[in-house]
Structure formats: C-alpha cells, structure tokens
Amino acid sequence: MLVGVVLAPVVVEQAQEWAARDIISADPADAPMSNVVLVLATAPMVVRDTPNPAFEARLDVAATLWKQGRVRYVLVSGDGARYGETWAMRLGLLRRGVAGMAIYTDGDAYRTWDSVLHARDVFGLDRLLIVSQRAHLARALFLAKSLGMHPYGVEAPDPEPRDEPLWSRVRPYLAAVMSCYDAWLRIRPPPPRATVHIGVDPPT
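Per numbering that gives the first Met the number 0, residue 0 is the first one in the sequence shown, and the count goes up by one each step.
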C-alpha cells in the first residue's frame, strides 16, 4: 500500500504529460497563432538576490512569442499581493521589449487552477497559449481542457537540476494529484473582478 501511495503521484504526473504530448511545443516558432498567451507565475527569486531560472525562462518564451507576432497580448497570472509575482513578471517583460499596452495581469491567482479559471471567466479566453515548464504546463493544459477550453502549451526550458531545490522537484507530482481534485470538484469561487476584455479594455 505504501508503494502505491508513493507511486500514484508519479503515475498521475506522467499521465498528464503523455496526454498533453500533442499540444505542447518546445519551440515558440512551432506554436499556433493566438491572440493571448497566458504565462504562469513562479517565484522570481530562488533565494535572496538569486534570480529563479524557471521564472526567467518563462518570460523569455513569452517575449519571444510576442516579438515573433505569434501573440498580440500577454496575460501574466500569479500571486500579486503576497509575493509580487505579477509585478515582477510585468517588469521582466518590459525589460525584454514587450509593449506595456500588450501586458495584462491577474494578480489574484494563487494556484494554477485560479490562473486557468480566471483566464476563462474573467478574461473570456477559450483558445490560448500557455507558457510554463513541462510538468507544470501539462497540468495547466489538463485543467484548461477540463474547463472546456482549447489550450496549446509552449514549453519553457527546465532549470538544471543543480539549480532546483529538492522541494521544487517533488512538488509537481503532488500538484498533479491536486489538479485531479480541482478538475473533479470544480470549485469555482466568484470571479475576483469584473470581466476584462483583452485588447478592448486597458491593461489591468
């Protein structure tokens, strides 16, 4: 039984990656055209004054998609209140040359489920690109599809193992199991704000 408990998260995570294999690209140039790319947040720093390579990689991919004209707008989504993730993401995109008027923020997303749910219910998105590292990306695609959306993932490079703390390596397996509960229970709290029409309403 103990072996099953240990293996279950691994099986779930691998199953999500396998299921998403046809809707993930590692090259931004291979991604389909889309109006919006959703960039999922992670901590900007791994330790004080040490940039998080996963965070930087996600912004690099998003900026590339925008500069190549594959997307018109970038929606950054994360915890904007406690950790300032969305502020840091916006600043990072501006430094990479993305126009401020093309960047929208969702600072009320504390989990991947929130990010995907808000993309649909607050920002009115159905077809969109999503950027993150592969395991996180597969999970987000799974959740988006469970909500009836039509997502496509663009993979950001994973950090070198030596750059990644142990908890970060274990967390995707546990989060994969939690995402199944999210998709099954479909808990949908009231939207944190009024509907935002990307490209019509000014950036938030």
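From the three backbone atoms N, C-alpha and C, an ideal C-beta is built for every residue, glycine too. On a predicted model such as this, the values are computed, not experimentally measured, just so you know.
- [ ] Within the same chain, show all residues whose beta-carbon is closer than 7 Å to that of Met32, passing over the 5 residues directly before and after it, in chain order.
- [x] Arg69, listed in sequence order.
Task: Residues bridged to Gly152 (per DSSP) - done: Ile23 and Ile129
Task: Nonlocal neighbours in the same chain, by C-beta distance under 7 Å from Gly123, ignoring five residues either side - done: Thr194 and His196
Open item on the list: Let's see if you can read the secondary structure: which residues bound the alpha helix (DSSP H) around Leu116?
Closed with: Thr111 to Asp120
Open item on the list: According to DSSP, is Leu142 part of a helix, a strand, or is it coil?
Closed with: helix
TODO: Whole angstroms is fine: what's the gap from Ser24's alpha carbon to Gly152's?
DONE: 6 Å
- [ ] Out of Ser131, Leu128 and Val73, point me to the one whose CA is closest to Tyr103's CA.
- [x] Answer by Cα proximity: Val73.
Open item on the list: Distance check for Trp86 and Gly106, CA to CA, integer angstroms please.
Closed with: 8 Å
Task: Same chain, Cβ closer than 6 Å to Glu240, neighbours up to 5 away in sequence not counted - done: The structure shown does not extend to residue 240, since the chain is modelled only from 0 to 203, so the question has no answer here.
- [ ] Would you kindly check if the distance between the Cβ of Pro27 and the Cβ of Leu64 is under 7 Å?
- [x] Result yes, Cβ atoms of Leu64 and Pro27 sit closer than 7 Å.
Task: Cβ separation of Lys66 and Gly96, assumed to be a contact under 8 Å, to the nearest whole Å - done: 7 Å
TODO: With a 10 Å radius around its C-beta and 16 neighbouring C-beta atoms as the bar for buried, classify Ala80 as buried or exposed.
DONE: exposed
- [ ] Could you name the residues that DSSP lists as bridge partners for Glu203?
- [x] A quick correction: the sequence has Thr, not Glu, at residue 203. Looking at the DSSP assignment, Thr203 forms no beta bridge with any residue, so it has no partner.
Task: C-beta contact flag for Pro150 and Leu136 at 7 Å - done: no
- [ ] Please name the residue or residues paired with Val73 in a DSSP beta bridge.
- [x] Val36 and Ile102
TODO: Under 8 Å by Cβ, that's how I've got Arg61 and Leu92 pegged, so tell me the actual separation to the nearest angstrom.
DONE: For the record, residue 61 in the displayed sequence is Ala; it is not Arg. Sure, about 6 Å apart at Cβ, within 8 Å.
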